[in-house]
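Take the sequence shown: its letters are residues 343 to 786, numbered as in this note's numbering.
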Amino acid sequence: MPRLYRSTLVRSALIIAIAVTAILATQALAQDYQPTPENLQARRDFQDMKFGLFIHWGVYSVLGDGEWVFHERHLTVDEYNRLPLFFNPEKFDAHTWVSLAKAAGMKYVTITSRHHDGFAMFDSKVSDWNIVQRTPYKKDPLKMLAEECHRQGIKLFFYYSQLDWHNPDYYPRGATNWNNGRPDHGDFNAYLDNYMDGQLTELLTNYGAIGGIWFDGMWDKPDADWHLDKTYALIHKLQPAALIIPNHHQTPRPGEDVQTFERDLPGSNTAGFNTTFISKDIPLESSDTLNGAWGFNIGDSNYKSAPDLERRLIRAAGNNSNLLLNIGPYPNGEIDPQFVTRLQAVGGWLSKYGDSIYGTRGGPVPPGDWGVTTQKADKIYVHVLNWASPLLALPAIAGKIASAQMLLGGEPVTVTQTADGVVLKLRAQGKDEVDRVVVLTLTK
Ligand code: FHN
């Protein structure tokens, strides 16, 4: 064999060997992922919190047409670059926002640190495409929010879009691509390793202890190598208790700490893009909008009623899941009064029924149209949401029921337990009563 071919062959074999070793090493890294004790505790705390406020807020809010407006109107980068000049949220008050979350009975806030437009809503040194350098506001609202969350004992999570419609290095572009004036070349590795990991490092070092990172957008390039192991390891190294919550709609991968379902209860996939796989190992979260939109949409008055929101929270808890409920604040930093009144009403409901939600896990009875169960230690909470008859028959429950009573008022409930199941004799549903909660106490 001529020498040239031989050396080419050797070189190719070497390259293949290196590539295979790198792939195996990456897989080993992922398979070997062992959450730290702090991380495992943070997962339990996350499950206990049950209810969070999702906030979509960015320069897109100025146009009042949702967070996809850059893409929907097929604007060019040059056109979109004008938008930050109009973003001056003088009415933004972190205290008001966090107090509202608290009044709603929410225990955590997840806010867009940057959405698909790539615009950093925080003071980033990685690029000047950020609120401090491009807007007349010139301040970092995430800093104020983080300080206020720490003051008020609310956990703060950062939404971070992996998809980027603005950065030229987000290349090759993905399914949402349109011709917006970016060059047809770019360095995706630099985008991931320098730009994204650089910004994540800022978010995980400049804002105190944070709850975690909520990723979105990988679905734009499902076959790309997103360097997930590297990024996940970075996050867990910087803050071991920070949870990684990827909204990729797929089976969770090693290194991910929460499985989230968009506009859906776990596994039901009514939205059509979620997976039906439900993890038994990591906490679950279901996200939804208070009206129909994520970012501020001036034409969307489709507000869900407070009882509807309460039912969604109860059903999430009964499905062993948290509920992350979204609002899109105005560009001036104020929150639509329609959101405020509804959130306060849900908070009022939780102040009475919170025992049956916070700190619980999905109960022993499979959720049904009639309602759901939640459980905390020796207490099973039967949430009767949709049952008009006086007798409710449930499947058998392990353990002996010592007593049954209404959560509100403590009125005793007649219960019959046999090997076949449990029958509850229910009082009639009160007017405007969303949930009749029966507490079953098991013998220890
Ligand atoms: O495209 C986004 C959308 O704008 C919003 O952020 C939601 C929130 O779950 N996630 C997306 C799509 O999966």
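Glycine included, C-beta positions come from ideal geometry on N, C-alpha and C.
{"Asked": "Environment of residue 531 [buried if 16+ CB atoms lie within 10 Å]", "Found": "exposed"}
{"Asked": "Sequence-distant residues of its chain with Cβ nearer than 6 Å to residue 713 (five each side left out)", "Found": "725, 726 and 727"}
{"Asked": "Backbone secondary structure at residue 414 - three-state DSSP", "Found": "helix"}
{"Asked": "Any 3 or more C-beta pairs closer than 8 Å across the region 610-625 and the region 637-656", "Found": "no"}
{"Asked": "Cβ-Cβ distance between residue 449 and residue 494 below 8 Å", "Found": "no"}
{"Asked": "The ligand FHN heavy atom lying under 7 Å from the CB of residue 589", "Found": "yes"}
{"Asked": "Sheet register partners of residue 748 (DSSP bridge)", "Found": "780"}
{"Asked": "Proximity winner among 431, 379 and 394, relative to residue 631 (alpha-carbon distances)", "Found": "394"}
{"Asked": "Where residue 374 falls, given that 16 or more other Cβ within 10 Å makes a residue buried", "Found": "exposed"}
{"Asked": "heavy atom of the ligand FHN below 7 Å from residue 458 C-beta", "Found": "yes"}
{"Asked": "Closest residue to residue 565 among 516, 557 and 598 (Cα-Cα distance)", "Found": "516"}
{"Asked": "Which listed residue (772, 660, 650 and 670) has its alpha carbon closest to that of residue 641", "Found": "670"}
{"Asked": "Local conformation of residue 773 per DSSP, three classes", "Found": "coil"}
{"Asked": "Contact under 8 Å by Cβ, residue 626 with residue 592", "Found": "no"}
{"Asked": "Limits of the unbroken alpha helix (DSSP H) element including residue 381", "Found": "379-391"}
{"Asked": "Top-ranked residue by Cα proximity to residue 433, from 502, 673, 696 and 576", "Found": "673"}
{"Asked": "Straight-line gap, residue 407 to residue 458 (C-alpha atoms, nearest Å)", "Found": "14 Å"}
{"Asked": "For residue 704, three-class secondary structure by DSSP", "Found": "strand"}
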